[in-house]
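Worksheet for the structure shown next.
Protein chains: 2
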Amino acid sequence: MAFASAAAVHRKVGQLGEHVLRMTTRAGAGHPSSAMGIAHLAVRLMYEQMRYDPASPWHPSADRLVLSEGHAVPIIYAAYADLGGTVGKSASDARPLTVSDLDSLRARSSPLDGHPNPAEGFPFFDAATGSLGQGLSVAAGLALGARLDGSPRRVYCLVGDGESREGQIWEAADFIAEQRLTGVIALISANGQGQAGPVSVQQSAERLAAKLAAFGWNVVTIDGHDPDAIASALEFVGQHKQPLAIVARTVKGWGVETFQGANWHGKPLSEAELPAALASLRKQTHDAHPGTEQVGRPPAPIAGGNSRRGDPREVSWPSFRDALESAGMGGLLKKGLIGTRRGYGAALKVAGDLLPQVVVLDGDVSNSTISEVFARAHPERFFECKIAEQNMVSVGVGLSAAGFVPFVNSFAKFIARAYDQVEMAAISRANLKLVGSHSGVTPCSDGPSQMGLLDVAYFRSLTTVRGDDRVSPIGWLFHPADALAAYKLTQLMLSTHGLCYMRTHRPEVPLLYKDDATFELGGFTVLSPGDDLAIVTAGYMVHACRQAIELLARQNVRAALIDAYCLPIDGERLADALARSGGRALVVEDNFGGGLGAAVAEVAARRGTGQVHALHCQRMPKSTLTPEDELDYVGLSPGHVADHAMSMLRAAR
Amino acid sequence: MAFASAAAVHRKVGQLGEHVLRMTTRAGAGHPSSAMGIAHLAVRLMYEQMRYDPASPWHPSADRLVLSEGHAVPIIYAAYADLGGTVGKSASDARPLTVSDLDSLRARSSPLDGHPNPAEGFPFFDAATGSLGQGLSVAAGLALGARLDGSPRRVYCLVGDGESREGQIWEAADFIAEQRLTGVIALISANGQGQAGPVSVQQSAERLAAKLAAFGWNVVTIDGHDPDAIASALEFVGQHKQPLAIVARTVKGWGVETFQGANWHGKPLSEAELPAALASLRKQTHDAHPGTEQVGRPPAPIAGGNSRRGDPREVSWPSFRDALESAGMGGLLKKGLIGTRRGYGAALKVAGDLLPQVVVLDGDVSNSTISEVFARAHPERFFECKIAEQNMVSVGVGLSAAGFVPFVNSFAKFIARAYDQVEMAAISRANLKLVGSHSGVTPCSDGPSQMGLLDVAYFRSLTTVRGDDRVSPIGWLFHPADALAAYKLTQLMLSTHGLCYMRTHRPEVPLLYKDDATFELGGFTVLSPGDDLAIVTAGYMVHACRQAIELLARQNVRAALIDAYCLPIDGERLADALARSGGRALVVEDNFGGGLGAAVAEVAARRGTGQVHALHCQRMPKSTLTPEDELDYVGLSPGHVADHAMSMLRAAR
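Chains E and B supply the protein sequences, listed in that same order. Residue -8 is where the first sequence starts when you use my numbering, and the numbers rise one by one after that. Residue -8 is where the second sequence starts when you use my numbering, and the numbers rise one by one after that.
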């Protein structure tokens, strides 16, 4: 690498810093002081160290920058505009960013969102950041993808000292060290200031360096505003077997006197303050470091790597029977009892056979989620993320940005550990597949700490919002009742771009569907007709409700059974189906409310016709010895369901 | 401390181990191998080191044990039964646990849940564990409470090596070191085995010790099955200014040959395997260490500390005006624009004046959440948790168990970081108050990474389940529209035991309520009547909807405006109110669906009368320069609301 003189870097910082001050003042919002703290690091990285072409942000092997402390983004925007980098949501609407575009910071029509977000048209970034502590995991996912592709890509990640208090940073530090992902270079900006006050001594430069070393990293500590020191540190890149962390002592609001003294956080200068601030910055940069040398342009990306991808909609899937055989679970068919997680495991294994971009992550429970079947067949594409779900989900976001289709697995309950990361994945429009096993109350004797009880309400909320096509939802929820449904819904997840969540359960259950069953987005299945009322349910509860229907039949009640395996549900079709069942629906789910019951109630209430009762867990579960006992405890036994149906019918008469 | 001989400890381990093996086999579930890994540590702690009376689990200054790796709980149950410890949900149903009770492990009627849970009648524990990595934070909260009370209580926390991959463990390590909470003693059991395979080298005993040292802890590494080594390590307790961590090398399934070799995780022995396992254990314990000496009983708790508490229902609150004055915000009244977060901040400050048990935690955003007002007035009860929300919430759970009322603050978006911890708080029945500021789309120019968009759906789900009285919900959601409502709803949260979430917003808004306004659980306010339809909304959207109502009035439509400030909502009363507005409701909320709209739709659909349309964010937000522009972008401007109302009315005609 040829690095320009320190003076040239200072002058570039001066030039970009002016943009930062002006654009945030113009927007009336933003974090100019945080931006100035990383200005010298950004210049060295974006103009000299990173091997990329600003005009080709979608280049498959170009180096990447993840700005974990997303609020510092104005300096990145300024540099990218100065370099004429490409913006746009896709190649078809691509155009170079100009310096005058910077004035549109945070505006409705601008690709320059308040925090990094590739989805709004800033493809220099790979994932949305701004909720802190997630970037290092995203960087790990990108680097993992590069390794799988054999690409020389390196991933630089800028992390703040304050945000390094987030545990996820240390989950990522463990993961990167364990996987020896030397393609990730972490740069920690230690400016000593948080939002509400100084950062803790626990996040001092010294302590951060000591921690990173204890986590197995190679650590260099430098003055983050000394261009020569930055250059020297960057020369370590690629030299060691351990991942490299550069701890940079920085100054929040570097170069601008107004920002010094009291902690200046998250607000722009007023128009009145601007001139003095610009003068002060100029003094620190152009005046203190006169000269004419310019920093150069970034070196071209190194070509290399083989990014094989298949089209999920064009592969030919084996029959369910063959898939089970292929996954070593053929014997289960004879027994006739197969849990949904096993159907999913078989699908995962076959998906790995068919599509090179399928990768699987698990959090030390692959023998429970049954992702272990994939791990055995495709060990090079299986990543054991250990008990650290936040990092796992964000690594998945990085892998998605690298063109892979990550299936992220844990208990439904433990995926909740990463709901903020899931939301950032949705904001990033990541192509992420989440699968939560042991959903609902079926883990029974383990007690509520192992049960997924809020997952349906949470993910259903994501399904209520439209994605960029203004038609598809931003997220999908799938909830198979048997192993065949799980097998086919996994295929559907794979061919549906975007965020998908599937909920599997623990118990072994009989097959309800035949090989030729079809499952579609927004679909549901009327498993048995009935004109008195419809019982609408999904997943494990379909089995309990089959028993309820038998109990009702003995009382001469004809109840339909509807398997609502997908949310959002097609409201028109559902309303028609309910009309054929007396316009009455009893919705049953083994989780807390606000899930399927709310979805069906909204369909009916929107029309103002029909009656919907939502029956869900009536109380907090506790340990019981069997799933049947648990259902009884929480008020969801077949008897409870049948009784509730009878009371609806009695009231209607 | 007088420690018994190593042989006596081994024999006690043998005796308790027999119970562990038998009870898990009988239950057909459980983690006997994990339990045996901490057997010697448990004996030294529970019989000798901890200063407590097993008959008095609610003693205010007794030492406590937090079992962070909750699945290892059978050994604790065995020891507690051997000691005749008290079980029961309260003093009124207290009774001693017997050895024969152990056979009820995980049964429906048993206090011995599959994972630790005080709420089911095991008061030896303070909080539910089982979702990993949370216990050390709970221990920190307990120790913080003890410090506030001036109590000599010490808190021992058993952590697994596998779970120490969770970032939250390191958030807790930072917090404890920073606060110098030497009352917490961490014992890390490093058995080298996870569920699906061996733990990572990143979680080896050596590396864990190095990490803890880098985090500022005093670390001792020992053989966790050597009673003398354990005793020596425990002698360090209270000797240092830094918190103490004991890294114990342990063997999963210690003493039982069947458990060795392949990793034996999370399953009991069969009845057939039991005899050989018992014999093997006996050989390792009683046979290898013959003798008659017995380990003793735990030393009595050290009295001390002053636990002053007030009754929130009996204090007399100042007027809103006086509260604002007292909080240094009196000037706002003249301006006439006051954000809900400011009303909350004033309430918090006054609550601190009135009630010594009110404590406040914030995650480096106290100048945004306005908890800074409390921090200034009551610095000794304000805890800056920095940017580590998971630890913050679990510290709150510990403080709640210590008899305090913690208010936990962050942006609504960042509280999502700790939703799994929130759920564990609900399982623990913690008296926790969570307040999320910057809710909905009001952070506008900051973009979606800073917006609370799924919080209403998530917390609403918690409100659908009944608590132990089978009447009250397990959680409440409050959503004030103005600062006075925020002031009074904070009072309501304080007098309502259990989990409460309040959602505040960023913009300054006019006051809608007068001083004499009342707010009640399940309540709502009809701000203006109207017989054509009702607009039901809450929080910031009340203000946007007031404009919509004016737009409608110009078209001669009389729309009622209902402020639904609490969930769950009183369905009977709401149905009556809707009936007075033509049976039509348009529900408006500036978040994703599944929240208030779902709640109102469920009320209507349950009766099968009336029509409800749920209007929420129609798309993923992006940065815009003003809240008005953001509402327009996501389809929620006053114009959108009015148009939607008109289309409902047109369709009805």
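Beta carbons are placed, not taken as given, at the ideal position from N, Cα and C, and that holds for glycine.
Going by DSSP in three states, residue 533 (chain E) sits in which element: helix, strand or coil?
Helix.
Which residues of chain E have a Cβ atom closer than 7 Å to the Cβ of residue 369 (chain B), listed in chain order?
Result: empty, since nearest Cβ-Cβ is about 16 Å, beyond 7 Å.
If we count Cβ pairs, one from each stretch, closer than 8 Å, do we get three or more for the stretch 414 to 431 of chain E versus the stretch 412 to 431 of chain B?
Flag = no, the stretch 414 to 431 of chain E and the stretch 412 to 431 of chain B do not touch.
Whole angstroms is fine: what's the gap from residue 454 (chain B)'s alpha carbon to residue 227 (chain B)'s?
So the two alpha carbons sit approximately 46 Å from each other.
Residue 124 (chain B) by DSSP, collapsed to three states: which one?
DSSP places residue 124 (chain B) in coil when its eight states are reduced to three.
Mind pulling the alpha helix (DSSP H) runs of 4 or more residues that sit fully within the stretch 396 to 434 of chain E?
The stretch 396 to 434 of chain E contains these whole alpha helix (DSSP H) runs: 403 to 406, 410 to 419.
Just to confirm the assignment, what range does the beta strand (DSSP E) spanning residue 188 (chain B) have?
Run containing residue 188 (chain B): none; DSSP gives neither H nor E here.
Please decide whether residue 182 (chain E) counts as near chain B, where near means a Cβ-Cβ distance under 8 Å.
Chain B contact via Cβ: absent.
Tell me whether the stretch -8 to 0 of chain B and the stretch 584 to 600 of chain E touch, counting them as touching only if at least three CB pairs, one residue from each stretch, are closer than 8 Å.
The stretch -8 to 0 of chain B, when compared against the stretch 584 to 600 of chain E, does not touch it at the 8 Å Cβ threshold.
Using a cut-off of 8 Å between C-beta atoms, extract the partners of residue 521 (chain E) located in chain B.
Per Cβ cutoff of 8 Å: no residues; residue 521 (chain E) is ~18 Å from chain B at best.
Among E:561, E:69, E:505, which has the Cα closest to the Cα of residue 312 (chain E)?
Here the closest residue by C-alpha is E:505.
For residue 570 (chain B), count neighbouring Cβ atoms within 10 angstroms of its own Cβ and tell me buried if that reaches 16, exposed if not.
With fewer than 16 other Cβ atoms within 10 Å, it is exposed.
Do you know whose CA, among B:542, B:611, B:583, B:25, lies nearest residue 254 (chain B)'s CA?
Selected option, being the one with the closest Cα: B:25.
Could you tell me which uninterrupted beta strand (DSSP E) segments, each at least 3 residues in length, are contained entirely in the stretch 52 to 124 of chain B, listed from first to last along the chain?
Fully enclosed beta strand (DSSP E) runs of 3 or longer: 55 to 58.
Taking all protein chains shown into account, do 16 or more other C-beta atoms lie within 10 angstroms of the C-beta of residue 49 (chain E), making it buried, or fewer, making it exposed?
Flag for residue 49 (chain E) reads exposed.
Closer than 8 Å, CB to CB, is residue 601 (chain E) near chain B or not?
With 8 Å as the cut-off, residue 601 (chain E) counts as an interface residue toward chain B.
Whole-angstrom Cβ separation of residue 557 (chain B) and residue 512 (chain B), contact assumed at under 8 Å?
Residue 557 (chain B) to residue 512 (chain B), Cβ: 6 Å. Contact.
Is the stretch 99 to 115 of chain B touching the stretch 147 to 156 of chain B, taking contact as three or more C-beta pairs under 8 Å?
The stretch 99 to 115 of chain B vs the stretch 147 to 156 of chain B: no contact.
Let me check one thing: in DSSP terms, what residues is residue 237 (chain E) bridge-paired to?
Paired residue(s): E:178, E:211.
Excluding the 5 residues flanking residue 596 (chain E) on each side, which residues of the same chain have their C-beta closer than 6 Å to its C-beta?
Cβ within range, chain order: n/a, list empty.
Assign residue 354 (chain B) to one of two classes, buried (16 or more other C-beta atoms within 10 Å of its C-beta) or exposed (fewer than that).
It is buried - the Cβ of residue 354 (chain B) has at least 16 other Cβ atoms within 10 Å.
Identify whether residue 351 (chain E) lies in helix, strand or coil by the three-state DSSP scheme.
Residue 351 (chain E): strand per DSSP, three-state reduction.
By the 10 Å Cβ neighbour count, where 16 or more other Cβ atoms means buried, how is residue 230 (chain E) classified, buried or exposed?
Label assigned to residue 230 (chain E): exposed.
Using a threshold of 8 Å, state whether the C-beta atoms of residue 360 (chain E) and residue 297 (chain E) are closer than that.
No, the pair does not count as a contact, with Cβ atoms beyond the cut-off.
Please classify residue 623 (chain E): does DSSP put it in a helix, a strand, or coil?
DSSP places residue 623 (chain E) in helix when its eight states are reduced to three.
What three-state label does DSSP hand residue 493 (chain E) in the structure shown?
DSSP places residue 493 (chain E) in strand when its eight states are reduced to three.
With the cut-off set at 8 Å, would you say residue 79 (chain E) and residue 86 (chain E) are in Cβ contact?
Cβ distance < 8 Å, so residue 79 (chain E) and residue 86 (chain E) count as in contact.
Can you tell me which of the three DSSP states residue 154 (chain B) falls into?
If DSSP states are grouped into helix, strand and coil, residue 154 (chain B) belongs with the helices.
For residue 105 (chain B) and chain E, any beta-carbon pair shorter than 8 Å?
For residue 105 (chain B), the answer is yes, since a Cβ of chain E falls inside 8 Å of its Cβ.
To the nearest whole angstrom, what separates the beta carbons of residue 169 (chain E) and residue 238 (chain B), a pair I think is in contact under 8 Å?
Going by Cβ atoms, the distance from residue 169 (chain E) to residue 238 (chain B) rounds to 19 Å, so no, they are not a contact pair.
So, are the CB atoms of residue 651 (chain B) and residue 474 (chain B) less than 8 Å apart?
Not covered by the structure: residue 651 (chain B). The range shown for chain B is -8 to 644.
Using 8 Å as the threshold, is the C-beta distance between residue 45 (chain B) and residue 71 (chain B) below it?
Yes, the pair counts as a contact, with Cβ atoms nearer than the cut-off.
Taking Cβ positions only, does residue 18 (chain E) come closer than 8 Å to chain B?
Residue 18 (chain E) counts as touching chain B.
Is DSSP giving residue 38 (chain E) helix, strand or coil here?
DSSP places residue 38 (chain E) in helix when its eight states are reduced to three.
Using only alpha-carbon positions, find the residue among E:269, E:315, E:322 that is nearest to residue 338 (chain E).
Ranking E:269, E:315, E:322 by Cα distance to residue 338 (chain E) puts E:315 first.
Given a cut-off of 8 Å on the beta-carbon distance, is the pair residue 523 (chain B) and residue 573 (chain B) in contact?
Yes; because the gap between Cβ atoms is below 8 Å, this pair is in contact.
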